[in-house]
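Enquirer: Below: one structure in structure tokens.
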Amino acid sequence: MGRQAGIVFRRFMSRKELFEKIIDYFSKHMPVAETELDYTDPYEMIVSTILSAQCTDKRVNMTTPALFAKYPTVQSLAKATPEKVFPLIKSISYPNNKAKHLVGMAKMLVKDFGGVVPSDVNELQKLPGVGRKTANVVASVVFNKPAMAVDTHVFRVSARIGLTVGAKNPLQTEMQLVKYIPENKLAIAHHWLILHGRYVCTARNPKCSECGIKEFCKYFR
DNA sequence: AACTCGGGGCA
DNA sequence: TGCCCAGAGTT
0 MGRQAGIVFR RFMSRKELFE KIIDYFSKHM PVAETELDYT DPYEMIVSTI LSAQCTDKRV
60 NMTTPALFAK YPTVQSLAKA TPEKVFPLIK SISYPNNKAK HLVGMAKMLV KDFGGVVPSD
120 VNELQKLPGV GRKTANVVAS VVFNKPAMAV DTHVFRVSAR IGLTVGAKNP LQTEMQLVKY
180 IPENKLAIAH HWLILHGRYV CTARNPKCSE CGIKEFCKYF R
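Below is the structure:
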């Protein structure tokens with residue numbers, strides 16, 4: 000497999016072909032990922048995604064049950080205040096900002112969107128606490144839109160492997176990836192690249208010896 | 001483009 | 001203790 004892949008790579012391999020190679024590996028070695036893309040409802044998804052900024056998913060998952068128990072709907076959260084939300088999320092990153100953002104988001108959803116989470120990326124970004132990354136996550140994962148969310152992991156891993164070339168910021172990475180990744184693979188690709196970046200292709204001291212796709216990786220060669 | 005928000009996990 | 005972390009908003 001390794002030798003064969005090396006031979007294949009020595010001739011020309013497009014980024015689309017490169018993506019197919021790694022997505023094939025991930026699909027065989029991270030079968031859990033598919034189910035982790037399930038969501039209960041758009042409200043819980045967008046709240047969870049906002050909370051996940053600069054914070055590990057484990058801490059978010061420890062926090063959300065109590066939060067949704069007290070504020071199960073957009074309407075209930077819209078009637079809250081940041082001061083009431085803060086203690087429920089104080090153990091995650093930037094609790095003050097996020098408490099403010101969550102309440103502001105809920106208020107805007109009720110006031111301007113009829114209490115319904117929009118599926119359009121540009122509409123999503125109008126919400127407090129929702130930037131381009133969060134908007135793309137919600138659009139692609141919840142609404143199956145052709146959007147690619149790029150966080151620090153996706154940015155770094157894509158550059159190292161060679162999925163992107165010369166991308167200087169997350170937006171450029173996004174623009175390159177959406178060009179050749181099939182629409183129905185964008186959400187799962189986001190998830191896989193994050194997991195790979197978190198546990199193997201780390202920012203410092205990446206574990207190349209444990210990496211299953213180093214055969215295809217520009218950074219490793 | 002640079003700066004701020006920020007508590008918890010881990011070496 | 002010091003360093004780091006699934007970004008977003010402001011200046």
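Going letter by letter, the first sequence gives residues 0 to 220 in numbering that gives the first Met the number 0.
Glycine residues also receive a C-beta, built at the ideal position from the N, C-alpha and C atoms.
Which value, in whole angstroms, describes the spacing of the CA atoms of TYR93 and LYS78?
Expert: 21 Å
Enquirer: Secondary structure at ILE91, three-state DSSP: helix, strand or coil?
Expert: coil
Enquirer: State buried or exposed for LYS213, treating a residue as buried only when at least 16 other CB atoms are found within 10 Å of its CB.
Expert: buried
Enquirer: From the DSSP output, in three-state form, read off GLN171 for me.
Expert: helix
Enquirer: In the DSSP assignment, the alpha helix (DSSP H) including LYS15 goes from what residue to what residue?
Expert: From DSSP, the alpha helix (DSSP H) with LYS15 extends over 14–28.
Enquirer: Can you give the Cα-Cα distance for LYS206 and LYS97, rounded to whole angstroms?
Expert: 33 Å
Enquirer: Count the CB pairs spanning the region 97–108 and the region 79–89 that are closer than 8 Å, and state whether there are at least three.
Expert: yes
Enquirer: Residues in its own chain within less than 7 Å of ASP37 by CB, not counting five upstream and five downstream?
Expert: none
Enquirer: Do HIS190 and GLU43 have their C-beta atoms within less than 9 Å of each other?
Expert: no
Enquirer: Over the uninterrupted alpha helix (DSSP H) stretch that includes LYS125, give me the two end residues.
Expert: Counting along the chain, LYS125 falls outside any alpha helix (DSSP H), and DSSP gives it neither H nor E.
Enquirer: Taking one C-beta from the region 135–146 and one from the region 112–121 each time, how about it: are there three or more such pairs within less than 8 Å?
Expert: They touch, by the three-pair rule.
Enquirer: Under the rule that 16 or more other beta-carbon atoms within 10 Å means buried, what is THR163, buried or exposed?
Expert: buried
Enquirer: Between which residues of its own chain and GLU182 is the CB-CB distance below 8 Å, once the five residues before and five after are set aside?
Expert: PRO145
Enquirer: Quick one: give me the first and last residue of the alpha helix (DSSP H) that PRO41 is part of.
Expert: 41–50
Enquirer: What does the Cβ neighbour count give for SER47, buried or exposed, with the cut at 16 atoms within 10 Å?
Expert: buried
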